[in-house]
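The C-terminal residue of the sequence shown carries number 404 in the numbering used here, and the numbering is unbroken. Just so it is clear, CB atoms sit at the ideal spot from N, CA and C, and this is done for glycine as well. Every value quoted in this text rests on a predicted model; they were computed, and no experiment measured them.
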Amino acid sequence: MQPRRNLLLYPRGMEVVGLVSGDFVRTGGMDMPNFALAKRCAERGIETHLVAYRVAPELAQERGVTWHAVRKPFDSYLAASPFLDLAGQRLACRLSAQNSRVVVNGGNCQVHDVNWVHYVHAAYRPLDQTSRPLRRVKGIVARALSLSRERSALGSAQLVLVNSARTRQHLVEHLGVEAARIHVVYYGIDPQRFYPPSAEDRARSRAKLGFGERRQVAFVGALGDRRKGFDTLYAAWRGLCRQADWDCDMLVVGRGAELTLWQDRAKSEGLAQRVQFLGFRSDVPEILSACDALVAPTRYEAFGLGVQEALCTGLPALVSAEAGVAELYPEALQDLLVRDPESESELRAASSRPGRPDLGHLRPARCIRSRPQLGLAHLYGIESSPDRSHGRELPDGARMEELHVKSRDH
């Protein structure tokens, strides 16, 4: 029997798609791209099956979307992971006789069709500084399981999609995945939510958030371990705050096991007014529009969607040069790349130059938005689509139909 036409890459012919991921919500990280993919499939009239713990109501109510809910014992991703895997495999069996594709993420499900990789466990070992032995043991077990599942799933996937050339390199080097099976599709942003604000909108946002005249620098990321590099940033910030002329405050958006640790430390060191911990926030676009810079000294980042969103909001975004999103920084933004995320002195020097750039000179939003691979609406994009917020025409998305791979036989 002849192999099927690759229906993921030829979306107009696809009738059914199954997507397996923990959450399909707008919170960021890998959740937002998965949400966008599911929504795009539904909008195109493709019967869309979601295997997940959580699905945003707006998506679950879309016509043609079926949510196969998976239970999450003890509210634990680790405890729930076998149930997600099993539910995904069952769905794949049900859809195998149809004109369908099944997309999984890394090692979350042992269905060997399309694997969209957002993170490579084999490329980074988390630094857990918590003093709780139980949490450390849990981390060791979780990592061992993730490494095993990741290697198994990616070793047999027919097609592997990744979010950056750096991620592709990691798959080849750490897991031995053949480069010919890997294709890079960069994340995009939602231009209805992330765009350079007008002076009036920015002033309104700052007033609403209670910002005065002092400049605000944002850090957006989980504080569960040290991957995002907040420890280096905090040390650099502490040094900057000792300078009499340093007039910037830092806003920390995110939560995690180490949040209380950092809150207590800032208070004990007299920095409670200079480093504000906001926890989880749903109004990140508004916060970014009111800030003057973003800093992301991450030790490992397969892509860095939050950095891209900041750039598209018009913010200068300092990020580690090794992060996937750094591949998209044009020459005009190269001075925003942090070469050594472990270097407190480099980060202190780089952070001491915050301030919204003259968009006529750097134009960070345009530099990033103009990349032909970008745009959430273009993950399956063949046609251009107008940016209704600003009346500009976005370029064609990545032409997925140009990637020719064979599908499994039926």
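Start and end residues, alpha helix (DSSP H) containing residue i
i, result
"Thr226", "224 to 235"
"Val179", "Segment: none, Val179 is in no alpha helix (DSSP H) and carries neither H nor E."
"His112", "It is not in any alpha helix (DSSP H) - His112 carries neither H nor E in the DSSP assignment."
"Ala117", "From DSSP, Ala117 is part of no alpha helix (DSSP H); its letter is neither H nor E."
"Val166", "159 to 169"
"Glu194", "193 to 203"
"Ala54", "51 to 54"
Integer Cβ distance of residue i from residue j, believed to fall under 8 angstroms
i, j, result
"Val97", "Val14", "7 angstroms"
"Met244", "Phe213", "6 angstroms"
"Arg342", "Leu234", "6 angstroms"
"Ala116", "Leu141", "6 angstroms"
"Arg129", "Ala251", "7 angstroms"
"Val289", "Leu312", "5 angstroms"
"Gly405", "Leu89", "Since the first residue of the chain shown is -5 and the last is 404, residue 405 is not available in this structure."
"Tyr181", "Cys306", "In fact, because the Cβ distance is near 11 angstroms, the residues do not count as touching under 8 angstroms."
DSSP state of residue i mapped onto helix, strand, coil
i, result
"Asn99", "coil"
"Cys285", "coil"
"Ala63", "strand"
"Ser142", "helix"
"Ala266", "coil"
"Leu368", "Per-residue confidence for Leu368 stands at a pLDDT of 35, beneath the threshold of 50, marking its modelled position as unreliable; no derived number is given."
"Thr292", "coil"
"Val10", "strand"
"Thr307", "coil"
"Arg137", "helix"
"Phe297", "coil"
"Phe29", "helix"
"Asp107", "coil"
"Arg259", "helix"
"Thr21", "coil"
"Ala74", "helix"
"Leu353", "Note that Leu353 scores 35 on pLDDT, short of 50, meaning its location in the model is unreliable; the coordinates nonetheless yield the value given after this. Coil, per DSSP."
"Glu405", "Absent from the model: residue 405. The displayed extent of the chain is -5 to 404, so no value can be given."
"Ser276", "coil"
"Leu217", "coil"
"Ser150", "helix"
Separation of residue j from residue i, as counted between CA atoms
i, j, result
"Arg84", "Ser75", "14 angstroms"
"Ala317", "Ala147", "24 angstroms"
"Trp256", "Arg126", "16 angstroms"
"Lys202", "Gly82", "44 angstroms"
"Arg363", "Gln302", "Residue confidence is low: Arg363 scores 43 on pLDDT, short of 50, so the model does not pin down where it sits. No coordinate-derived value is stated."
"Leu253", "Arg200", "24 angstroms"
"Arg57", "Arg34", "12 angstroms"
"Glu9", "Ile281", "40 angstroms"
"Ser192", "Gly298", "25 angstroms"
"His177", "Val108", "11 angstroms"
"Ser276", "Arg65", "24 angstroms"
"Leu44", "Gln92", "16 angstroms"
"Leu373", "Val179", "Confidence in Leu373 is poor, its pLDDT being 33 and thus under 50, which makes the residue's placement too unreliable to answer from."
"Asp239", "Leu217", "29 angstroms"
"Pro335", "Leu227", "9 angstroms"
"Tyr71", "Pro27", "19 angstroms"
"Glu207", "Cys285", "11 angstroms"
"Gln186", "Val131", "42 angstroms"
"Arg209", "Leu31", "36 angstroms"
"Gly101", "Leu80", "12 angstroms"
Where the beta strand (DSSP E) containing residue i begins and where it ends
i, result
"Asp243", "242 to 247"
"Gln210", "209 to 214"
"Gln270", "269 to 273"
"Glu338", "It is not in any beta strand (DSSP E) - Glu338 instead sits in the alpha helix (DSSP H) that spans 338 to 345."
"Glu41", "41 to 46"
"Leu153", "153 to 156"
Exposure label - residue i; buried when at least 16 CB within 10 Å
i, result
"Cys87", "exposed"
"Lys222", "buried"
"Val278", "buried"
"Gln237", "exposed"
"Ile40", "buried"
"Leu368", "Low per-residue confidence applies at Leu368: pLDDT is 35, beneath 50, and the placement is therefore not dependable enough to give any value."
"Ala138", "exposed"
"Ile407", "Absent from the structure is residue 407, since the part of the chain shown begins at -5 and ends at 404."
"Phe224", "buried"
"Pro51", "exposed"
"Ser283", "buried"
"Leu330", "buried"
Closer than 7 angstroms: residue i CB and nearest the ligand HEM heavy atom
i, result
"Val247", "Of ligands this structure carries none, so the ligand HEM is not represented either."
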